[in-house]
Amino acid sequence: MNIAGISVRELAEKYDTPLYVYDFAKIRQNARRLKQAFLSDDVEVDFYYAMKANCNPEILGIFISEGYGMDCVSPGELRLALETGAAADHILYTGNYESPADLQAAFNAGVKINLDDISSLGRLLEVGKPELITYRINPGKGRGKYEQITTGGDKAKFGVPYEKAIQAYKKAMDVGITRFGAHMMTGSGVLDEEHFPRMLELFMDQLGEIKKALGINFEFIDMGGGLGIPYYGDKKSLDVERVARETLKVFRRKVRELNLGNPTLALEPGRYLVGDAGILISRVTGIKNGYRTLVGIDAGFNTLIRSALYGAQHTILVDGKEESEPTMLADICGQICENTDIFAKDRKLPETEEGDLLIFTQAGAYGSVMAMPYNLRFRPAEVAIVDGEDKLITRRETYEDYISRFQRI
Ligand code: LLP
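All residue numbers for the sequence shown refer to my numbering, where the first residue is -9 and numbers rise by one.
Have a look at this one:
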């Protein structure tokens, strides 16, 4: 198999495995396609890349050059976004259960602060009073590919419950804050086009009530991220052009009907932009024929945690045998000493042997960023393919990196 014209086998030999590889042209193409889809004469649409999906600075650089702002969730992300060259006025800081230090960092940087709760405002005022704030409103509904990544609704830990939203904005007005935005993020990995305009309609109706009660003109309405990509077993991809068309239609209609002034529309995509541009290459280290057939590889949940955490299923190809008949039924597992370190159960595979390379597709989002050095298996390297050349963009973590933090007493 090749990625952007370069053989996976060569990459594995040159950089060792497990290894994340990204097709930078594909990332740029995704960034442009989404912007193009939302291009409109009468609605200004602003894009913030959710850098939690993959925060390698070379990847952030692509989005900055494509006119994206940054969606940050921690002082660490904020610092990296600024150091990579994102403009402070094009950064949104969305924390949750924000500490005074978190809020101080966001306030000092002069970025847009999106508060997760009415109680966050009190903590923010201890460090300073910005001209503009946003609240993340939990509209009472949510939808994600898995329950664990459903971030709206009454089971989610995020946002100001809609019932308290008027009170929250009122409190901000009372202390002299004059400019406002509104934000929601209700779930990740959604492949249903209709979901996005439907949620926006519900949300904008709620904003209409806030406007009626307090007279606020929201400067922007942020509908979050959530645009899905197809993984193993999914039958379709997301038609983003249709999402854009229907969403813009709702946006225009609701702004008019509810007299919402002249807000911009904001989006915070993560997965859609980088997910399908990355693969994870791993090597088969052992095959066990016991109660079941187990194919063990050198990547585990320490490398890609999505299967262990959510039961997520990635497409897994065997290099050089992509076209071969599947003759094996096997579980695919990592080397971590935990029984949850299993990527797939009863997966059909071509005849697989020790030393074969297994390729996980759709590994560009929430892959390397969620890796950990558990069991002292260190974090993987990352390589970018740029103009037909492979370039190391993250070196493999070493034993020395890890132990340098220990202090002997
Ligand atoms: N904005 C906010 C405030 C978010 O919390 C998130 C994701 C995004 C934007 C981007 O969402 P996206 O466009 O990527 O769906 N680790 C999980 C996904 C967790 C998403 C959390 N928040 C996974 O591997 O599926």
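Just so it is clear, CB atoms sit at the ideal spot from N, CA and C, and this is done for glycine as well. A quick note: this is a predicted structure, and the numbers were derived from the prediction, not measured.
Bounds of any alpha helix (DSSP H) do not take in E379; it lies within the beta strand (DSSP E) bounded by 379 to 384.
Set against 6 Å, the gap from the CB of R261 to the closest heavy atom of the ligand LLP is smaller.
When beta bridges are read from the DSSP output, M318 appears opposite L339. Of the residues assessed, C327 falls on the exposed side of the cut-off, its CB having fewer than 16 other CB atoms within 10 angstroms. For L29, there is no enclosing beta strand (DSSP E), as DSSP marks it with neither H nor E.
The region 344 to 351 makes contact with the region 266 to 283, as at least three CB pairs between them are under 8 Å. The beta carbon of M213 sits no closer than 6 Å to any heavy atom of the ligand LLP.
The Cβ-Cβ distance between E34 and T254 falls below 7 Å. Under DSSP, D195 shares a beta bridge with no residue.
Here the alpha carbon of R169 sits roughly 52 Å from the alpha carbon of Q325. Going by C-alpha positions, T317 is about 23 Å away from N(-8). At the C-beta level, E258 and G286 stay beyond 7 Å of one another. The three-state reading of DSSP puts Y136 in coil, since its state is none of H, G, I, E or B. When DSSP reads this structure, D61 sits in a beta bridge with A40, L82. The ligand LLP has a heavy atom closer than 6 Å to the beta-carbon of T84. A straight line joining the alpha-carbon of H80 with that of A15 spans about 24 Å. Following the DSSP letters along the chain, one finds G51 inside the alpha helix (DSSP H) bounded by residues 47 to 55.
Partner residues in the beta bridge of T283, as assigned by DSSP, are N279. Unbroken beta strand (DSSP E) runs of no fewer than 3 residues, entirely contained in the region 212 to 259, are found at 254 to 257, following chain order.
Between A298 and T330, the CB-CB gap stays under 7 Å.
Going by DSSP, E3 is part of the alpha helix (DSSP H) stretching over -2 to 5.
In the displayed model, D13 falls within a strand according to three-state DSSP.
Per DSSP, reduced to three states, the secondary structure at G66 is helical.
Shown here, E121 sits in coil according to DSSP, grouped into three states, outside any helix or strand. In this chain, V376 is not harboured by any alpha helix (DSSP H); it is covered by the beta strand (DSSP E) spanning 371 to 376. Here the alpha carbon of Q26 sits roughly 11 Å from the alpha carbon of R235. I271 sits in a strand when the DSSP states are folded into three classes. Per DSSP, the continuous beta strand (DSSP E) segment holding L348 begins and ends at 347 to 350. Boundaries of the beta strand (DSSP E) harbouring A172: 169 to 173, taken from the DSSP string.
Put simply, of S(-3), D107, Q138, K161 the residue whose alpha carbon is nearest the alpha carbon of G179 is Q138. In this structure, the straight-line span from the alpha carbon of M175 to that of K202 is close to 23 Å. Taking each of S(-3), N44, G132, V63 in turn and checking the Cα distance to V101, the smallest one comes out for V63. Using a cutoff of 6 Å, the CB of D107 does not count as near the ligand LLP, since none of the ligand's heavy atoms is closer than that. Residue range 296 to 300 is occupied by the alpha helix (DSSP H) that includes L299, with no beta strand (DSSP E) assigned at that position. Within the DSSP secondary-structure output, N365 pairs in no beta bridge.
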